[in-house]
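S.K.: The structure follows.
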Amino acid sequence: MKGVMIFDNLNDLVFSDVDAELSKHIQKLAMKDGLLEGSFFGSVEQEMDKNIVMQLFSPLIASYKVMQAQFGNQYKYIESEDGILLVFDEILNYIAISICHKDEKLDAVQKELSLFLIFVEMLFGPSLHMMKRDISVCCELCSRSDLVSLILDKWRVLSKEQQTYLVEAVERLIINPDITAMCINMLQEVLEKMRHSHKDETYSHAFLLVDTKLVALYSSRNSGHLPKETLLLLTLVTQVLKTSPLPSKAEEEKKKAMEDEFFIPISPQALKETKLIDEKKTKDFLF
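Using our numbering, the first residue of the sequence shown is number 3, and each one after it goes up by one.
Here it is, written out as structure tokens:
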């Protein structure tokens, strides 16, 4: 069970990335409180209702804000009776909550949540409200909100497989100096071609990777220094985009809307008549 949620200053859910187990658990709680009608079949594909999530978490978030404003002692984490750990953090008055089993180490969960907020800040800046209805397309593959989820998932995998991501470092691949010089010259030519073909945009940095290892980095003369945390994030982005990500939520909603728009309902009688006509044509063809 694992998930991350972000709530704005109105307690509205602006971002959620939860696995199937946590989604099922939240829907069971909603049914227990009478927020969901009917029986629950445990469907993995059933999507959480943001309004229901908001109603479930609003008392907790309100308590968090009271403790912060009146006593200056907001929650850092909470352990529930059913064995769930909730870790809290903030970014620009938005409250982020990481949810997992209490068996997981608190330090590791807090570190993951802080890294997640760094990813959010780098991709959205001060415009966190854009996460609420993010239909922007990033790199023609997914929205920025989807990209945040994919980056977090990739970091979870790489932090278990490679020590460099566990200590948040950029590993450099040491090769022959002549080959390194050739790579830098190639990156310089790439930047020049990008400037000529995209004159409306500014390109200042280029880097070459072998898997997750840095081979060469080139920065133009008038550009600022590229921080290592930005380079680490860009490395994660390249790892995400080189694979085929899932379709974005915006594309799925658009496709669903188009299907609903061109759907023509057929009455049972018309369906029966169509079936009889097809059977008659088949018999005429055979005989």
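By construction, the Cβ of each residue, glycine as well, lies at the ideal position given by its N, Cα and C atoms.
Computed from a predicted model, the values in this text were never measured in an experiment.
Give me the residue from E114, I86, V169 with the minimum Cα distance to I101.
M.R.: Locating residue 101 in the sequence shown gives position 99, where the first residue counts as 1. Checking every option, the nearest Cα to that of I101 belongs to I86.
S.K.: Please go through the region 85–141 and give each complete alpha helix (DSSP H) segment of 4 or more residues, from N-terminal end onward.
M.R.: The region 85–141 contains these whole alpha helix (DSSP H) runs: 108–126.
S.K.: On the three-pair Cβ rule with 8 Å, is the region 6–14 touching the region 26–35?
M.R.: Taking 8 Å as the limit for Cβ pairs, the verdict is that the region 26–35 does not touch the region 6–14.
S.K.: With a CB to CB cut of under 6 Å and the five nearest residues on each side skipped, what residues in its chain are close to L234?
M.R.: Here residue 234 is taken as the residue at index 232 of the sequence shown, counted from 1. Once the five neighbours on either side are set aside, the close Cβ partners of L234 are V172.
S.K.: Using a Cβ-Cβ distance cut-off of 7 Å, determine whether F121 contacts chain B.
M.R.: Judged by its chain identifiers, the structure shown contains no chain B, having just a single protein chain.
S.K.: Alpha carbon to alpha carbon, how far is L24 from K107?
M.R.: In the sequence shown, residue 24 corresponds to position 22, counting from 1. In the sequence shown, residue 107 corresponds to position 105, counting from 1. Between L24 and K107, the C-alpha separation is close to 18 Å.
S.K.: Distance, Cα to Cα, Y79 vs R146?
M.R.: Numbered from its first residue, the sequence shown carries residue 79 at position 77. Numbered from its first residue, the sequence shown carries residue 146 at position 144. Going from the Cα of Y79 to the Cα of R146 covers about 28 Å.
S.K.: Quick test of your reading: T232 and M124, contact by CB under 8 Å. State the CB separation rounded to the nearest angstrom.
M.R.: The sequence position of residue 232 within the sequence shown is 230, counting from 1. The sequence position of residue 124 within the sequence shown is 122, counting from 1. 7 Å between Cβ atoms; contact.
S.K.: Do K134 and V16 come within 7 Å of each other at the CB atom, strictly closer than that value?
M.R.: Walking along the sequence shown from the start, residue 16 turns up at place 14. Walking along the sequence shown from the start, residue 134 turns up at place 132. Closer than 7 Å, so yes.
S.K.: Please give the ranges of any beta strand (DSSP E) in the region 163–218, keeping only runs that are unbroken, at least 3 residues long and fully inside the region.
M.R.: If we require 3 residues or more, the beta strand (DSSP E) runs fully inside the region 163–218 come out as 207–212.
S.K.: From the DSSP secondary-structure annotation, give me the bridge partner or partners of V20.
M.R.: Walking along the sequence shown from the start, residue 20 turns up at place 18. Looking at the DSSP assignment, V20 forms a beta bridge with G5.
S.K.: Under 7 Å, do L37 and L94 count as touching if we go by C-beta distance?
M.R.: Here residue 37 is taken as the residue at index 35 of the sequence shown, counted from 1. Here residue 94 is taken as the residue at index 92 of the sequence shown, counted from 1. No; because the gap between Cβ atoms is not below 7 Å, this pair is not in contact.
S.K.: Does the region 193–210 come into contact with the region 148–167, if we say contact requires no fewer than three beta-carbon pairs (one atom in each stretch) closer than 8 Å?
M.R.: At 8 Å Cβ cutoff, the stretches do not touch.
S.K.: Judging by CA-CA distance, which residue of M3, D91, P179, M50 is the nearest neighbour of K104?
M.R.: If you number the sequence shown from 1, residue 104 lands on position 102. The shortest C-alpha separation from K104 is found at M3.
S.K.: Would you mind reading off the limits of the alpha helix (DSSP H) that contains Y66?
M.R.: Locating residue 66 in the sequence shown gives position 64, counting from the first residue. Taken as a continuous stretch (DSSP letters only), the alpha helix (DSSP H) holding Y66 covers 52–73.
S.K.: Alpha carbon to alpha carbon, what distance is there between A110 and N75?
M.R.: Sequence index remark: in the sequence shown, residue 75 carries index 73 (1-based). Sequence index remark: in the sequence shown, residue 110 carries index 108 (1-based). Near 22 Å, if we compare the C-alpha coordinates of A110 and N75.
S.K.: When DSSP builds the beta bridges, which residues end up paired with Y220?
M.R.: On the sequence shown, residue 220 is found 218 positions in, with the first residue counted as 1. Note: Y220 sits in a beta bridge opposite A208.
S.K.: Measuring alpha carbon to alpha carbon, tell me which residue in N13, L12, D19, D14 is nearest L152.
M.R.: As a first step, residue 152 must be located in the sequence shown, where it is residue number 150. Ranking the options by Cα distance to L152, first place goes to D19.
S.K.: Which whole-angstrom value describes the C-beta separation of L193 and S222, a residue pair presumed to lie in contact below a C-beta threshold of 8 Å?
M.R.: Walking along the sequence shown from the start, residue 193 turns up at place 191. Walking along the sequence shown from the start, residue 222 turns up at place 220. Going by Cβ atoms, the distance from L193 to S222 rounds to 6 Å, so yes, they are a contact pair.
S.K.: E83 by DSSP, collapsed to three states: which one?
M.R.: Here the question's residue 83 lines up with position 81 in the sequence shown. In this structure, E83 counts as coil in the three-state DSSP scheme.
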